[in-house]
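Reading through the structure tokens given below for one structure.
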Amino acid sequence: MKKWLVIGLLPLLAGCSGITVLDAKSTTGEEQAYLIWFSLGLMMIVLAVVFILFARFVIKYRYKKEKDDFLPEDVKGNLKLELTWTILPIILLIVLAVPTIQITYDQSPQTSADADAGMDIGVAAEQFKWTFSQPNGKTEENKLVLPEGETVTLHLSSKDVIHSFWVPALAGKIDTIPGKQVTYEIKNPKKGTYKGKCAEYCGIQHANMVFEVRVVSQKAYRTYLEEMK
Ligand SMILES: [Cu+2]
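Our numbering numbers the first residue of the sequence shown as 1485 and each following residue consecutively.
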């Protein structure tokens, strides 16, 4: 009993509680979290059906002495069953595909420079730091200040190798590729301070390639831009 309790608690002990990605602080992040929950839910239904049938068959067809010389009758397919287990997965896949394709395409980074909506922020990655440039030209290293509720268009680039921009609470991961500019939108960030990191192993100091994102009120953001122009 004790053993099972320990095994059951393992996921919690492993630090799986309070997963930042699932506690999203932007519309972009919420959409990603929704996809995770949605596919997890669908998988759980499949898992439950499989396990229930498994348990049922194990019990129903277990070895019995009185059936020692029993020979099951020959069957030649079962159209109903075969149709069921062909059509059902197709329906499940369609149900899974619709929101996944919709959100993934909507959120996927663009290579064209014509980002339309929102405010533009430059994100330059290099070994081993991030440089963020604000619309007024102000730059800061490893610190990104954003106004709440805006649509933020990031213009990501890399000075050396491939890095990956990731703020688990807001959005990501977006690869920054040398010689190429990519734009990526973060919609409607909520007030707060969030941790960001490089999510692509990029060299010896990769683990130290962290940054902070502070989402502040519109007013505080204007004040921030005014300071040290
Ligand atoms: Cu990196």
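A virtual CB, placed ideally from N, CA and C, is assigned to each residue, including glycine. Computed from a prediction, not measured in an experiment: that's the story for all the values here.
Just to confirm, are residue i and residue j a CB contact at a threshold of 8 Å?
i       : j       : result
Asp1659 : Ile1670 : no
Ser1617 : Gly1606 : yes
Gln1594 : Thr1667 : yes
Pro1583 : Phe1522 : yes
Gly1506 : Ile1529 : Correcting the residue type first, residue 1506 is Leu in the shown sequence and not Gly. Contact: no.
Val1699 : Gly1680 : no
Gly1602 : Thr1568 : no
Pro1652 : Thr1512 : no
Leu1631 : Gln1689 : The displayed chain sequence assigns Pro, not Leu, to residue 1631. Cβ distance not < 8 Å, so Pro1631 and Gln1689 don't count as in contact.
If you count every other CB in all the chains shown that lies within 10 Å of the CB of residue i, and 16 or more means buried, which is it?
i       : result
Glu1684 : buried
Tyr1705 : buried
Gln1516 : buried
Ala1508 : buried
Pro1556 : exposed
Pro1573 : exposed
Tyr1545 : exposed
Tyr1678 : buried
Trp1650 : buried
Apart from the five residues just before and just after residue i, which ones in its own chain have a Cβ nearer than 7 Å to its Cβ?
i       : result
Asp1604 : Pro1619, Thr1637, His1639
Ser1510 : Leu1654, Ala1655, Ile1670, Lys1671, Asn1672, Pro1673, Lys1674
Gly1525 : none
Asp1644 : Glu1610, Gln1611, Pro1662
Leu1709 : Gln1618, Asn1620, Lys1622
Ile1543 : none
Glu1624 : Phe1616
Please go through the same chain and pick out, in chain order, the residues whose beta-carbon is closer than 6 Å to the beta-carbon of residue i, but skip the five residues on each side of it.
i       : result
Met1693 : Phe1612, Cys1682
Ala1609 : Ser1642, His1647, Thr1660
Lys1627 : Glu1696
Trp1614 : Asn1626, Phe1695
Glu1514 : Ala1508
Let me know the secondary structure DSSP gives residue i once reduced to three states.
i       : result
Ser1510 : coil
Gly1561 : coil
Asp1553 : coil
Phe1612 : coil
Gly1606 : strand
Glu1711 : coil
Ser1592 : coil
Considering only residues of the same chain and omitting the five flanking positions on each side of residue i, which have a CB-CB separation below 8 Å?
i       : result
Tyr1518 : Pro1583, Ile1587
Ile1575 : none
Ala1665 : Before going further, note that residue 1665 is Gln rather than Ala in the sequence given. Excluding sequence neighbours, Gln1665 sits near Thr1595, Ala1597, His1639, Leu1640, Ser1641.
At which residue ranges does the region 1626-1702 contain complete beta strand (DSSP E) runs of 3 or more residues, listed in the order of the chain? Scanning the region 1626-1702 from its first residue to its last, the whole beta strand (DSSP E) runs of 3-plus residues come out as 1627-1631, 1635-1642, 1647-1651, 1655-1660, 1666-1671, 1676-1682, 1694-1700.
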